[in-house]
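A.B. asks: Those protein sequence lines, which keep their order, are chains F and S.
Mapping the first sequence onto the working numbering, position 35 (from 1) lands on 35, and the numbers just tick up by one.
Count along the second sequence from 1, then add 194; that gives the number in the working numbering.
Cβ atoms here follow ideal geometry from the backbone N, Cα and C, with glycine treated the same way.
Protein chains: 2
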Amino acid sequence: MAQSLREKVISAAVKYVADNGPDGLSFRQIAADAGVSHQAPYHHFGHRSAIFNEIALEGFKKFAADMGAPARDDEDSEICVRLCERYVAFAIANKGHFRVMFRADLCHLHESPETQKAADDAFATLLAAVSEMVGDSASIDEIRVQATAMWSLAHGLATLIIDGPLEKKIGRVSDRRALVRSVAQRAADGLRRA
Amino acid sequence: MAQSLREKVISAAVKYVADNGPDGLSFRQIAADAGVSHQAPYHHFGHRSAIFNEIALEGFKKFAADMGAPARDDEDSEICVRLCERYVAFAIANKGHFRVMFRADLCHLHESPETQKAADDAFATLLAAVSEMVGDSASIDEIRVQATAMWSLAHGLATLIIDGPLEKKIGRVSDRRALVRSVAQRAADGLRRA
DNA sequence: TGCCACGACTTGACACTATCAAGTTTTGCG
DNA sequence: CGCAAAACTTGATAGTGTCAAGTCGTGGCA
Numbered sequence: 001m002a003q004s005l006r007e008k009v010i011s012a013a014v015k016y017v018a019d020n021g022p023d024g025l026s027f028r029q030i031a032a033d034a035g036v037s038h039q040a041p042y043h044h045f046g047h048r049s050a051i052f053n054e055i056a057l058e059g060f061k062k063f064a065a066d067m068g069a070p071a072r073d074d075e076d077s078e079i080c081v082r083l084c085e086r087y088v089a090f091a092i093a094n095k096g097h098f099r100v101m102f103r104a105d106l107c108h109l110h111e112s113p114e115t116q117k118a119a120d121d122a123f124a125t126l127l128a129a130v131s132e133m134v135g136d137s138a139s140i141d142e143i144r145v146q147a148t149a150m151w152s153l154a155h156g157l158a159t160l161i162i163d164g165p166l167e168k169k170i171g172r173v174s175d176r177r178a179l180v181r182s183v184a185q186r187a188a189d190g191l192r193r194a
Numbered sequence: 195m196a197q198s199l200r201e202k203v204i205s206a207a208v209k210y211v212a213d214n215g216p217d218g219l220s221f222r223q224i225a226a227d228a229g230v231s232h233q234a235p236y237h238h239f240g241h242r243s244a245i246f247n248e249i250a251l252e253g254f255k256k257f258a259a260d261m262g263a264p265a266r267d268d269e270d271s272e273i274c275v276r277l278c279e280r281y282v283a284f285a286i287a288n289k290g291h292f293r294v295m296f297r298a299d300l301c302h303l304h305e306s307p308e309t310q311k312a313a314d315d316a317f318a319t320l321l322a323a324v325s326e327m328v329g330d331s332a333s334i335d336e337i338r339v340q341a342t343a344m345w346s347l348a349h350g351l352a353t354l355i356i357d358g359p360l361e362k363k364i365g366r367v368s369d370r371r372a373l374v375r376s377v378a379q380r381a382a383d384g385l386r387r388a
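1) Can you give me the Cβ contacts of Glu279 (chain S) inside the same chain, cut-off strictly under 6 Å, excluding the 5 residues immediately before and after it?
2) Does the stretch 115 to 122 of chain F come into contact with the stretch 59 to 69 of chain F, if we say contact requires no fewer than three beta-carbon pairs (one atom in each stretch) closer than 8 Å?
3) When DSSP labels each residue in this structure, what does Ser272 (chain S) get in the three-state scheme?
4) Within the 8 Å Cβ cut-off, does Ala348 (chain S) reach chain F?
5) For a quick check, are the C-beta atoms of Ile10 (chain F) and Ile51 (chain F) less than 8 Å apart?
6) Would you say Val100 (chain F) lies against chain S (beta-carbon separation less than 8 Å)?
7) How far does the alpha helix (DSSP H) with Leu320 (chain S) in it reach, from first residue to last?
8) Check distances from the C-beta atoms of the stretch 14 to 26 of chain F to those of chain S and list, in chain order, the residues that come in under 8 Å.
9) Classify Asn288 (chain S) as helix, strand or coil using the three-state DSSP reduction.
10) List the residues of chain F that Phe284 (chain S) touches, going by C-beta distances under 7 Å, in chain order.
11) I need the boundaries of the alpha helix (DSSP H) containing Asp357 (chain S), first residue and last residue.
12) Would you mind reading off the limits of the alpha helix (DSSP H) that contains Gln29 (chain F)?
13) Pick from S:Phe292, S:Ala259, S:Ala378: whose alpha carbon is nearest that of Val211 (chain S)?
14) If you pair each beta-carbon of the stretch 67 to 74 of chain F with each one of the stretch 126 to 134 of chain F, do three or more pairs fall below 8 Å?
15) Would you say Gln29 (chain F) faces chain S, with C-beta separation under 8 Å as the test?
16) For a contact meaning CB atoms closer than 8 Å, what does Ser77 (chain F) contact in chain S?
17) Taking a contact to mean a Cβ-Cβ separation below 8 Å, would you say Leu5 (chain F) touches Val36 (chain F) in this structure?
18) Counting pairs of beta carbons, one from the stretch 343 to 350 of chain S and one from the stretch 150 to 167 of chain F, are three or more of them closer than 8 Å?
19) Apart from the five residues on each side of it in sequence, which residues of its chain come closer than 6 Å, Cβ to Cβ, to Glu269 (chain S)?
20) Which residue's Cα is closest to the Cα of Arg297 (chain S): S:Ala250, S:Leu360, S:Ala206?
21) Could you list which residues in chain S have their beta carbon closer than 8 Å to that of Ala138 (chain F), in chain order?
22) Quick check: what's the CA-CA separation for Ala225 (chain S) versus Glu201 (chain S)?
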């Protein structure tokens, strides 16, 4: 409960981004909502855009945890399908984080080695999952290509659902799940036969 | 040459978005650069965010034209690969447009039926190309699933290259082309065997 | 020709924003 | 206790979107 101002600011920003996108985010408004002076947040973040690094950091940590977790019973047995479903589920459940994480124009990763490392870790988790999928026989280049394919597919699906035109086309959750599963299944067929 | 103020403003905005992302785009700055008063652009666009609709409109038109064009000799004969390559090429060559087109939080399509229509047309073009790919035998649902898969793959690849972590990993153009082709080829294998 | 309505643009104002530069309060700790 | 550093406030400045009025030029019509 006893949330520090720093935490309050981050979670308020995440909520704003989830609801309205990152563009109009106002430090002063957040400060006012938190009942502190307009300058208080700057003590924790230096400048406005630094908060995006912080959001991305949180996001990448949770993302890696989600993607790397052992398979549950209620999940698809096919790894590729499972990864896609988790990817999309993460994006929807953490819209505020997701919208920031992959935006190089928002998070200046070079300014925050910690966020950079979290991003690298997340990619490594993905790579590990994919190499499990294709088996040990494949070359490192082959794994890289397949990881990129898997990643692109899941990422495209997630962004098109969250920000793009797919949002309206598949409003119902059941529709979305079925679509994601179908799409991932097709891709899995293509990838497995390396 | 005799560019109207309206055209000047749009192209300046597109350039800004390509270089810096959409966030800090300033109407006043654009007006100053064009040598007009700070209020002049408002005469053409009403409010700031309306310009994103205009950028998206331009983008969707060019996008549909690019994706729907007949195959050239120097392109891959596999439709799926060709579409992916064109998609990524469009995104890179029209970064300023692409960064706006699929952002529902930026373009309020409901305010601009014309842009909405252009977006629908673009999707229809994609759908037509995919149905050519899977053949006449497939059901409409199957085509839809495959179109979504194709679209997601290409879109994910493009956004990860433009805004995300793939940008640094594949700096050289030759690397990028090879990667896009490999990835698309794997996906094509999966999709063709409907 | 005169005039006048309308589009294109300007000027001025207002509330809002990020951010610099100081202050003041709070808090942890020797 | 005392004090230093962290946490926060107050004030000012420059830049922003946008409302509300102007001004200016041009085409069309009596």
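C.D. replies: Taking the definition as stated:
1) The residue you call residue 279 (chain S) lines up with position 85 of the second sequence. Correct list, in chain order: Val374.
2) yes
3) Sequence index remark: in the second sequence, residue 272 (chain S) carries index 78 (1-based). Note that residue 272 (chain S) is Glu in the sequence shown, not Ser. The answer is coil: DSSP assigns Glu272 (chain S) none of H, G, I, E or B.
4) Looking up residue 348 (chain S) in the second sequence gives position 154. By this cut-off, Ala348 (chain S) is an interface position.
5) One-based indexing of the first sequence puts residue 10 (chain F) at position 10. One-based indexing of the first sequence puts residue 51 (chain F) at position 51. A contact, by the Cβ cut-off of 8 Å.
6) What you label residue 100 (chain F) is simply residue 100 of the first sequence in a count that begins at 1. Chain S contact via Cβ: absent.
7) By 1-based counting over the second sequence, the position of residue 320 (chain S) is 126. Run containing Leu320 (chain S): 307 to 328, per the alpha helix (DSSP H) assignment.
8) Asn20, Gly21, Pro22, Asp23
9) Here residue 288 (chain S) is taken as the residue at index 94 of the second sequence, counted from 1. Here Asn288 (chain S) sits in coil by DSSP.
10) Numbered from its first residue, the second sequence carries residue 284 (chain S) at position 90. Those do not exist, as Phe284 (chain S) stays about 14 Å from chain F at its closest Cβ, beyond 7 Å.
11) Looking up residue 357 (chain S) in the second sequence gives position 163. Segment: none, Asp357 (chain S) is in no alpha helix (DSSP H) and carries neither H nor E.
12) Here residue 29 (chain F) corresponds to residue number 29 of the first sequence, with the count starting at 1. Residues 27 to 34.
13) Your numbering for residue 211 (chain S) matches position 17 in the second sequence. The residue with the shortest Cα to Cα distance from Val211 (chain S) is S:Phe292.
14) yes
15) On the first sequence, residue 29 (chain F) is found 29 positions in, with the first residue counted as 1. Cβ-Cβ to chain S under 8 Å: no for Gln29 (chain F).
16) Residue mapping note: residue 77 (chain F) aligns to position 77 of the first sequence, counting from 1. Going along chain S, no residue has its Cβ under 8 Å from Ser77 (chain F), so there is no contact; the nearest lies around 18 Å.
17) Translated into positions along the first sequence, residue 5 (chain F) becomes position 5. Translated into positions along the first sequence, residue 36 (chain F) becomes position 36. Yes.
18) yes
19) Position 75 of the second sequence, counted from the start, is the residue given in the question as residue 269 (chain S). Excluding positions up to five away in sequence, the list reads Arg276.
20) Counting from one through the second sequence, the residue named residue 297 (chain S) turns up at place 103. Checked all of S:Ala250, S:Leu360, S:Ala206; the closest Cα to Arg297 (chain S) is S:Ala250.
21) One-based indexing of the first sequence puts residue 138 (chain F) at position 138. What Ala138 (chain F) touches in chain S: nothing, since even the nearest Cβ is about 12 Å away.
22) For the purposes of this step, residue 225 (chain S) is identified with residue 31 of the second sequence, where counting begins at 1. For the purposes of this step, residue 201 (chain S) is identified with residue 7 of the second sequence, where counting begins at 1. Their Cα atoms are separated by approximately 12 Å.
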